[in-house]
Structure formats: C-alpha cells, structure tokens
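Everything below concerns the one structure shown next.
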Amino acid sequence: MSEVEKGSVKNIEDTNRSSYHEARSIHSSISSDVERQSTDQPHTLKRSLKSRHLAMISLGGVIGQGLFLSAGGNLAAAGPAGALIAYSIIGFIVFWVTFALGEMATMYPVSGSFTVFCQRFVDTSFGGTIGYNYWACWSVIVSAELTAIPIVMSYWTDKVPSWAWSGIWLIVIFCLNLYGARSYAEAEYWFAVIKIIAVLIFIIVGCFTSGGVIGGTVYGFKYWADPGAFSHGVLGVLNAFVLASFSMQGTEIVGITAGESEHPTKDIPRAIRNVFWRLLIFYLGSVFVMGMILPWNMPDLLSKSSNVTVSPFTLVFTAAGLGGVSHVMNAVILITVMSCGNSGMYVATRTLCALSKEGYAHPKLGQVNKRGVPIYALICTTLVSLVTFATSFIPGKALFLVLTDLSGVAGFVTWFGIAFSRWRFRRAWKLQGKDTSELLYHAPGHPWGDLFAMIACPVVALIAGYSYFSPADPVGLIGNYAGLVCVAFGYCITKLWTKSKMIPLREIDLDAGRDLDMEQRWREELEEKEKDDTRGIQKYYKQAISIFT
Numbered sequence: 001m002s003e004v005e006k007g008s009v010k011n012i013e014d015t016n017r018s019s020y021h022e023a024r025s026i027h028s029s030i031s032s033d034v035e036r037q038s039t040d041q042p043h044t045l046k047r048s049l050k051s052r053h054l055a056m057i058s059l060g061g062v063i064g065q066g067l068f069l070s071a072g073g074n075l076a077a078a079g080p081a082g083a084l085i086a087y088s089i090i091g092f093i094v095f096w097v098t099f100a101l102g103e104m105a106t107m108y109p110v111s112g113s114f115t116v117f118c119q120r121f122v123d124t125s126f127g128g129t130i131g132y133n134y135w136a137c138w139s140v141i142v143s144a145e146l147t148a149i150p151i152v153m154s155y156w157t158d159k160v161p162s163w164a165w166s167g168i169w170l171i172v173i174f175c176l177n178l179y180g181a182r183s184y185a186e187a188e189y190w191f192a193v194i195k196i197i198a199v200l201i202f203i204i205v206g207c208f209t210s211g212g213v214i215g216g217t218v219y220g221f222k223y224w225a226d227p228g229a230f231s232h233g234v235l236g237v238l239n240a241f242v243l244a245s246f247s248m249q250g251t252e253i254v255g256i257t258a259g260e261s262e263h264p265t266k267d268i269p270r271a272i273r274n275v276f277w278r279l280l281i282f283y284l285g286s287v288f289v290m291g292m293i294l295p296w297n298m299p300d301l302l303s304k305s306s307n308v309t310v311s312p313f314t315l316v317f318t319a320a321g322l323g324g325v326s327h328v329m330n331a332v333i334l335i336t337v338m339s340c341g342n343s344g345m346y347v348a349t350r351t352l353c354a355l356s357k358e359g360y361a362h363p364k365l366g367q368v369n370k371r372g373v374p375i376y377a378l379i380c381t382t383l384v385s386l387v388t389f390a391t392s393f394i395p396g397k398a399l400f401l402v403l404t405d406l407s408g409v410a411g412f413v414t415w416f417g418i419a420f421s422r423w424r425f426r427r428a429w430k431l432q433g434k435d436t437s438e439l440l441y442h443a444p445g446h447p448w449g450d451l452f453a454m455i456a457c458p459v460v461a462l463i464a465g466y467s468y469f470s471p472a473d474p475v476g477l478i479g480n481y482a483g484l485v486c487v488a489f490g491y492c493i494t495k496l497w498t499k500s501k502m503i504p505l506r507e508i509d510l511d512a513g514r515d516l517d518m519e520q521r522w523r524e525e526l527e528e529k530e531k532d533d534t535r536g537i538q539k540y541y542k543q544a545i546s547i548f549t
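Per UniProt numbering, the sequence shown runs over residues 1 to 549.
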C-alpha cells in the first residue's frame with residue numbers, strides 16, 4: 001500500500017472514530033437529560049446478573065419435579081419409546097420458542113421480555129393478556145411449590161405442621177427476591193448446579209447399570225420387547241406429550257432476565273445456544289435411561305404418590321444396588337421445589353412490574369427501590385401466592401387443583417405468544433427494508449419454526465384434557481380448559497378497554513429500545529473473533545464446558 005493510500009485510510013479511520021465519539025456524546029447527553037427528567041422514578045432495575053447466572057437460570061427453570069417425579073408417570077403412560085417421542089417433540093417446540101425469544105431479547109433487552117414484545121409487535125391488548133397470563137401462571141406455581149414443601153419434608157419428619165414448612169419457605173424466597181436480582185440469581189445458580197450434578201450422576205449410573213457393570217443384571221433393551229416399547233398406543237403418547245410439555249415449561253425465564261443482565265447482547269445468545277444440548281442431555285438422556293431399566297408396567301411407576309421412593313431416579317439407583325440413596329434424592333427434590341418457587345417469585349414480580357410500566361397495572365407496582373427490586377410488585381405477587389396457597393386447605397382441594405391445572409395450560413399460551421410476536425417481528429423487519437445482518441443475534445427457523453410452534457401450542461393445549469372426558473372429571477375439565485376461556489375473555493376485555501388494533505407491519509417501531517452501543521458491540525465481536533481463532537484441544541474443551549456454564 002502506498003503512503004497516499006495509507007494516509008487516506010488513516011483519514012477515513014479518524015473520521016469514523018470522530019463520528020462515533022460524536023454519536024456517543026449525543027447519545028450520552030440525551031440519556032443524561034432523560035435521567036434528570038425522570039424525577040418520579042429515581043430507581044431502576046439493576047443490570048447485576050452475570051453470564052453464569054443466566055446460563056444456570058435458563059437451565060434451572062427447566063429441571064424440576066416434572067423430571068424427578070412425573071417422568072415415571074410419562075413412562076407408564078406411553079412406554080419407553082412413546083415417552084422418548086413425546087419429550088423429543090416437546091423439546092423441539094421449546095427449542096424454537098427459546099431461540100425466537102433469544103433473538104428478540106438480545107435486540108431489545110428489557111425486563112418483562114415477551115410481554116413487551118407482544119405489545120410492540122402484535123397489539124397492546126395481546127401484550128397485556130400474555131403478561132397477565134404469565135404472571136398468574138407463576139404466582140400459582142409458587143403456591144403449588146409451597147404445598148409440595150411439607151410433602152417432601154414429611155419423608156424425614158411429620159412433627160412439624162405443614163403450614164409451618166410452607167410459611168418458612170415463603171419467607172425465605174421473599175427475602176431472596178427482596179435483596180435484589182443478584183441474590184435471587186446466586187441462589188438459583190447453586191440450586192441448578194446441584195440438580196445438574198444429580199442428573200449427570202443418574203445418567204452415568206443408569207448406563208453402567210443397564211450394561212450390567214453395576215447391579216449384577218444386564219438390562220439393555222429387554223423392556224422394549226417385554227412389556228413393549230409402547231404402553232397404550234397413540235393415546236398413551238398423547239398423554240405423555242402433555243405431561244412432558246408441563247415439565248419443560250420455564251425455559252423462557254432467561255428472556256425475563258435480559259433487563260437485568262450485565263451484558264445481554266453477549267450473555268443471552270450464549271445461554272440460548274446451549275438450550276438444545278441441555279434438553280437433549282438432561283431430559284432425553286434421563287428418559288432413555290429410565291426406559292432401559294424400568295418396565296412401564298412397574299407398580300411404583302403407576303403410583304400417584306409424591307413420595308420420593310416412587311421417583312424413577314430412586315428406582316434406578318435401587319436397581320444399581322444403591323438403595324440408601326432415597327434420602328439424597330429427597331434432598332435433591334427439596335432443592336428442586338425451592339428452586340422453582342424462587343424462580344416463580346422472580347419472574348412473576350418482573351412481569352407484573354413490566355405490566356405496570358406498560359400501563360396495564362397500577363403505577364405503584366412498577367416502582368423500584370434502591371436495590372433494584374420492584375417492591376410493590378413483589379409484595380402483591382407474594383400475597384396472591386399466599387391466597388392461592390390458602391385454597392389448598394379447603395376440604396377436597398378442588399379449587400386449588402383447578403388453579404394449578406390452569407397454570408399448566410398457561411405455559412402453552414405463553415409459548416404461542418412468543419412465537420407469534422417473533423413471526424410478526426421478522427415480517428416487519430423485512431418489510432421495512434432491514435437486513436438480518438443487523439440483528440445482534442440471528443436465530444434459525446424463521447418462518448417455519450415460528451409457524452410450527454404457533455400450531456403445536458394450541459393443539460397440545462386442546463388435547464391436554466382429553467382423558468378427563470371419559471370418565472367425566474369436572475375438576476380436571478375445568479382446570480384444563482377454563483384457562484383458555486379466561487385468556488380469550490381477558491383478551492376481549494382488554495380489547496374493548498384499550499380499543500387497540502393489530503399494529504400494521506409497516507408501523508411497528510423497530511428502533512425503540514434497541515441497544516445501539518457500538519463500543520460494546522465492538523468488544524463483543526472482538527471477543528468472538530478471539531474465540532474463533534483459538535485452536536486445538538482448548539477450543540473443544542471450552543465448547544464442552546460452555547454447555548454447563
């Protein structure tokens with residue numbers, strides 16, 4: 001290159017650098033003006049969550065009682081092959097929905113996540129409906145976990161009243177959330193680590209047991225032949241299909257954390273990219289091991305008891321000659337219950353805060369204290385969970401069972417909302433002349449993945465209660481279908497209230513809320529380049545470790 005060319009390049013670089021710093025200066029000035037004008041909202045949510053927190057939160061929201069306890073019921077309902085099919089299909093839905101959410105949350109890292117996206121990319125009524133649906137879902141789940149705590153503790157002692165155990169844990173999760181997102185995330189990180197270790201040990205022990213290395217019996221695939229790979233044909237698969245979807249709900253929690261992540265444009269894609277492998281290893285791997293060692297007609301699997309002794313994990317460890325592990329598994333299940341309650345309180349609080357800021361709830365619920373906690377939203381969510389928990393003491397527990405069933409169906413509504421908002425987001429992006437290269441994180445699957453999730457979620461929600469028709473079970477039918485009616489009714493009410501219409505694609509605001517910090521993006525691109533330049537064993541070691549960190 002000649003001296004003239006070098007000089008020209010240098011002048012261009014100096015000009016770009018000058019323009020960049022000028023833009024940054026203007027952006028900072030505007031931001032400062034906005035902050036000075038916001039005298040009525042002195043405190044905001046704090047970006048205190050690190051990459052390791054987001055990674056474990058996305059995983060911790062998935063591994064729950066649905067795997068440690070309910071997976072045995074799925075095996076009995078569908079057989080080993082049927083259960084694998086059910087978990088694979090639901091995992092496919094979760095994969096597309098999570099990637100769709102990751103793309104939007106990286107571009108617009110706001111707390112409230114898909115509640116805001118549904119309002120911005122569809123219409124305000126739709127966003128409000130999805131938001132209240134999600135808030136109610138997790139508020140009820142917190143109460144369900146409060147009822148599970150005494151059941152788990154009764155394995156060790158029955159001398160303490162059940163309400164006392166529930167009350168103690170409600171105070172604990174309230175305090176964890178009261179001290180800020182960092183406190184919640186740190187607790188969730190270690191909860192998730194323990195659950196991951198338990199599942200990995202289970203898979204390793206199960207594989208050795210199946211091959212006869214430990215336990216003294218070679219299992220292989222003998223139970224696939226007798227009593228068979230499928231237990232109740234297509235209906236059995238459908239039944240497991242529904243239960244599997246319930247157990248995988250919570251993957252979308254990582255989107256809620258975007259508003260409090262230190263580096264959302266870097267950390268969210270990193271957490272999202274590992275979802276597929278985590279689902280494959282922890283869910284499909286566990287179900288596969290169960291299907292090799294436990295016959296689907298095993299009496300313990302058919303039991304509806306919540307006792308740890310009928311957990312498929314305990315049964316596999318017993319087959320391996322590790323019968324004393326039941327106490328350890330009960331401790332893991334206790335941690336699972338605590339983790340789910342902790343996550344539920346966090347996401348419900350942030351969702352209610354977002355609804356307030358979008359004008360769908362009282363302004364007080366959007367106020368944040370100096371710790372970065374939406375304190376009034378936290379108190380409101382705690383009270384709702386407490387009232388729901390109180391219904392479990394009503395004789396027969398019919399009302400409580402209906403409420404908990406409603407929370408299960410609410411997950412499908414949420415997934416549909418995420419897929420639909422992403423579908424419209426990408427259509428608007430293209431129609432307004434923007435290129436996909438401008439996206440900070442380009443998730444695969446559009447439009448087919450979005451369309452698949454948009455069709456699959458309503459279908460699964462509609463077939464969720466088929467088993468309650470014959471013989472007729474009013475409580476089950478109301479619990480499975482009243483939620484859909486409530487969502488439709490709520491949407492109509494908010495539609496009449498706001499008089500909103502679906503936003504035309506050309507009028508969707510694709511710039512508001514975007515992270516335009518070019519300096520941050522430059523650093524992230526440089527880090528990615530350095531990772532790509534890494535060679536040898538270290539590169540593959542880091543890729544393997546990133547699945548779990």
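The beta-carbon is built from N, C-alpha and C at its ideal position, and this holds for glycine as well.
query: Please go through the stretch 185-221 and give each complete alpha helix (DSSP H) segment of 4 or more residues, from N-terminal end onward.; result: none
query: From Leu439, Ile375 and Tyr466, pick the residue whose C-alpha is nearest to that of arginine 514; which is it?; result: Leu439
query: I need the DSSP call for aspartate 123, collapsed to helix, strand or coil.; result: coil
query: Skipping 5 residues on each side, what residues in its chain have a beta carbon closer than 7 Å to that of leucine 399?; result: Thr391
query: So, with DSSP's three-state summary, where would you put serine 261?; result: strand
query: In the stretch 56-121, which residue ranges form an unbroken alpha helix (DSSP H) of at least 4 residues, counting only runs that do not cross its ends?; result: 65-68, 71-107 and 114-121
query: State the CB to CB distance for the pair tyrosine 223 and glycine 291, rounded to an integer number of angstroms; the pair is presumed to be in contact (CB under 8 Å).; result: 7 Å
query: Does the pairing of the stretch 99-113 with the stretch 345-356 give three or more beta-carbon distances under 8 Å?; result: yes
query: Using a 10 Å radius around the Cβ and a threshold of 16 neighbouring Cβ atoms, would you call proline 269 buried or exposed?; result: buried
query: Could you pull out every residue in the same chain whose Cβ sits closer than 6 Å to the Cβ of glycine 411, ignoring the five residues on either side in sequence?; result: Gln249
query: So, with DSSP's three-state summary, where would you put leucine 49?; result: strand
query: When DSSP labels each residue in this structure, what does aspartate 450 get in the three-state scheme?; result: helix
query: How is threonine 39 classed by DSSP in three states: helix, strand or coil?; result: Note that threonine 39 has pLDDT 42, beneath the 50 cutoff, so the model's placement of it is unreliable and no number is given.
query: Would you tell me roughly how many angstroms separate the C-alpha atoms of isoleucine 256 and proline 444, rounded to the nearest one?; result: 21 Å
query: Please report the Cβ distance between isoleucine 281 and phenylalanine 191, rounded to the nearest whole angstrom; I am assuming they are in contact, meaning their Cβ atoms lie under 8 Å.; result: That pair is no contact at about 18 Å.
query: Taking contact to mean at least 3 C-beta pairs separated by less than 8 Å, is the stretch 417-435 in contact with the stretch 446-463?; result: yes
query: State the Cα-Cα distance for the pair glycine 483 and valine 402, rounded to the nearest angstrom.; result: 9 Å
query: Might you give, ordered along the chain, the residues of its own chain that have their beta carbon closer than 6 Å to the beta carbon of valine 94, omitting 5 neighbours on each side?; result: Met248 and Thr251
query: Please report the distance separating the alpha-carbon of tryptophan 135 from that of tyrosine 219.; result: 45 Å
query: Quick check: what's the CA-CA separation for proline 504 versus tyrosine 360?; result: 22 Å
query: What does the Cβ neighbour count give for residue 577, buried or exposed, with the cut at 16 atoms within 10 Å?; result: This structure cannot settle anything about residue 577, because the visible part of the chain is limited to 1 through 549.
query: Ignore the nearest five residues each way along the sequence and tell me which others in threonine 314's own chain have a CB closer than 8 Å to its CB.; result: Val308, Val325, Ser326 and Met329
query: Out of Leu510, Thr498 and Asp511, which has the shortest C-alpha to C-alpha gap to phenylalanine 126?; result: Thr498
query: Count the CB pairs spanning the stretch 42-49 and the stretch 259-267 that are closer than 8 Å, and state whether there are at least three.; result: yes
query: Taking Cβ to Cβ, would you say leucine 294 is nearer than 9 Å to asparagine 74?; result: no
query: As a quick exercise: from Gly433, Met338 and Ser385, pick the residue whose alpha carbon is nearest that of leucine 176.; result: Met338
query: Does the ligand SAH have even one heavy atom less than 8 Å from the beta-carbon of isoleucine 57?; result: In the structure on display, the ligand SAH does not appear, and there are no ligands present to speak of.
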